[in-house]
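Down below is the structure, laid out as structure tokens.
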């Protein structure tokens, strides 16, 4: 965000640089069960973002002093790979930005995971951004929700994330990296669709109260598409199994050859 | 962090009656004090207290290389330390997620509101001024966000500006004598809310912070909202967010007055 010199024209003839309308999401593809070793996992391609999420646990919380005798704790690590951006080699290990995103992501999932079912345990949630193109924390929450669902850990809802930005005075849905770099405001939001409530809400830039309310409504509306992608990804592996068994000849004794 | 069950029951009981543990109403601040120039060695300094919470902000300004994407602008770096002396619950060691979140949210408000006029911090090619904002939490009793943003804003707005004097090929930084002021362009403040038993409160104390489900910090100037951060694992409805933004605009008028008075405007 911010811009400075050489700010490109982000909106030309009422369209965005990649041809999208103001309220149009990038293409989203989600695949479940992509990391075999993990208890639950998922992979998302959201525009040019490519993010892998995996869940381990519930298992005994270690070290002992971090465990909670009443409920499970979540350990969340969001990280961008050093080769994930168009810039040079990134720093490995957690930086301040990643630490903050890990924290707000953990808090988002603490709201929907039934932690009291697993006292004294930990649930490890890893979000690895392999390629980043703006909106990675929102896409990370979206894919992590699917990974958690595949793990079978009980949740009260399937949250999703999306970001809304402001270009000039125009609100736009789902900023990509160029838009994010030169936008006038950026609002990453995560919503719990069943509660209709906001689980992650950050903002940076300049916006009026009315614009923020409009941004929240845009995020809610985008949820119709994003939630469906999440559910479809969860359903697909089971449908594939069902199709496979339909194709196999039934194991009923075959009629004797005459 | 723990408190006795009876304190918890008392806090919740008061909230259901629309009062706070210390007798405040839901959207009242505790008494606020703000004093600038408490650490004269620093280019700028300010100590803010909200009730028993105390935060000291110190400003140092050095010559540095500009960021690659902004070659003609100065740098701004904000760090926060939850000093072990400030609470029995704080431990020594590198900054944890709470301290990093605090620093980054204060930083976002300052940056987005253009409190420091970064364009005026250019010295010469590959040389700009780098402004360091260090937040020292001296006593913790809740609501570090608002105390930190008050201290940071007041310290920046009252900060001296060192001079860069050329000496042949190199140069030196002059930090004393007849100096101007750090170029600033705006005032930003923040209002932090919490949610207890589905009721909203402003300026939570340390005890109240143990019982809030979610937290929202709204940083704004006179006209716009500049930064927002939701924290903790609870949820907010759209209506609650709207109400908090409304209250933040109203309360921030008082906070800006406190800053203006402290810096002698």
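Residue numbers (this note's numbering), protein chains in the order written: chain L, 1 to 258; chain V, 1001 to 1265. C-beta atoms are modelled at their ideal positions from N, C-alpha and C, and glycine is treated no differently.
Here the segment 65 to 85 of chain L makes contact with the segment 129 to 148 of chain L; the two share three or more CB pairs at distances below 8 Å. For residue 1045(V), the uninterrupted beta strand (DSSP E) run begins and ends at 1044 to 1050, by DSSP. If the five residues before and after residue 1232(V) are omitted, its C-beta is found closer than 6 Å to the C-beta atoms of 1214 and 1215, all from its own chain and listed in chain order. DSSP places residue 1145(V) in the helix class (H, G or I) of the three-state scheme. Residue 58(L): member of the beta strand (DSSP E) spanning 49 to 60, first to last residue. Shown in chain order are the members of the segment 1234 to 1256 of chain V whose Cβ falls below 8 Å from a Cβ of chain L: 1234, 1235, 1236, 1237, 1238, 1241, 1242, 1245, 1246 and 1249. Excluding its 5 nearest sequence neighbours in each direction, residue 1184(V) has C-beta neighbours in its own chain below 7 Å: 1115, 1116, 1117, 1156 and 1157, listed in chain order. In the DSSP secondary-structure assignment, residue 1166(V) is bridged to 1171(V). Think of a sphere of 7 Å around the beta carbon of residue 195(L): the chain V residues whose beta carbon falls inside it are 1235, in chain order. Nearest to residue 1067(V) by C-alpha distance, out of 1131(V), 1109(V) and 1055(V), is 1131(V). In the DSSP annotation of this structure, the continuous segment of the beta strand (DSSP E) that includes residue 1132(V) starts and ends at 1127 to 1139. DSSP places residue 27(L) in no alpha helix (DSSP H); its state is neither H nor E. The three-state reading of DSSP puts residue 111(L) in helix, counting H, G and I together. Interface annotation, residue 218(L): not in contact with chain V, CB-CB separation never under 7 Å.
The C-beta of residue 198(L) comes closer than 7 Å to at least one C-beta of chain V. Look at residue 1029(V) here: in three-state DSSP terms it is coil, with no helix or strand label.
For residue 1011(V) and residue 1202(V), the gap between their C-alpha atoms comes out near 14 Å.
Taking the beta carbon of residue 110(L) as reference, the chain V residues within 7 Å of it are 1233, listed in sequence order. Between residue 144(L) and residue 53(L) a beta carbon distance of about 4 Å is seen, short of the 8 Å cut, so the two are scored as contacting. Neighbours of residue 1148(V) in chain L, taken as residues at a C-beta separation under 8 Å, are lacking, since the least C-beta distance is about 15 Å. CA-to-CA, the gap between residue 1220(V) and residue 1057(V) works out to about 19 Å.
Burial state of residue 1022(V) is exposed, judged by a 10 Å Cβ sphere holding fewer than 16 other Cβ atoms.
Only residues of its own chain outside the window of five on either side were considered, and among them 1032 and 1034 have a CB closer than 6 Å to the CB of residue 1258(V), listed in chain order. A distance below 6 Å between beta-carbons, with the five flanking residues on each side excluded, links residue 1090(V) to the following residues of its chain, in chain order: 1082 and 1084. Listed along chain V are 1105, 1108, 1227, 1228, 1229 and 1230, each with a C-beta nearer than 9 Å to that of residue 202(L). Using beta-carbon distances, residue 1081(V) does not count as an interface residue toward chain L, since no partner is under 7 Å. Judged by DSSP secondary structure, residue 203(L) falls within the beta strand (DSSP E) whose first and last residues are 197 to 207. The beta carbons of residue 122(L) and residue 73(L) sit about 5 Å from each other, so the pair counts as a contact at 8 Å. Residue pairing by DSSP leaves residue 217(L) without any beta bridge partner.
In the three-state reduction of the DSSP assignment, residue 1188(V) falls in the coil class.
By the Cβ-count criterion, residue 247(L) is exposed, with fewer than 16 other Cβ atoms from all chains shown falling within 10 Å of its own Cβ. Secondary structure at residue 160(L): strand, using DSSP grouped into helix, strand and coil. In this structure the segment 145 to 157 of chain L does not touch the segment 80 to 90 of chain L; the number of beta carbon pairs closer than 8 Å is below three. The Cβ atoms of residue 1196(V) and residue 1164(V) do not sit closer than 7 Å to each other. The continuous beta strand (DSSP E) containing residue 124(L) extends over residues 121 to 131.
Within 8 Å of the CB of residue 1224(V), the CB atoms of chain L belong to 206, 207 and 208, in sequence order along the chain.
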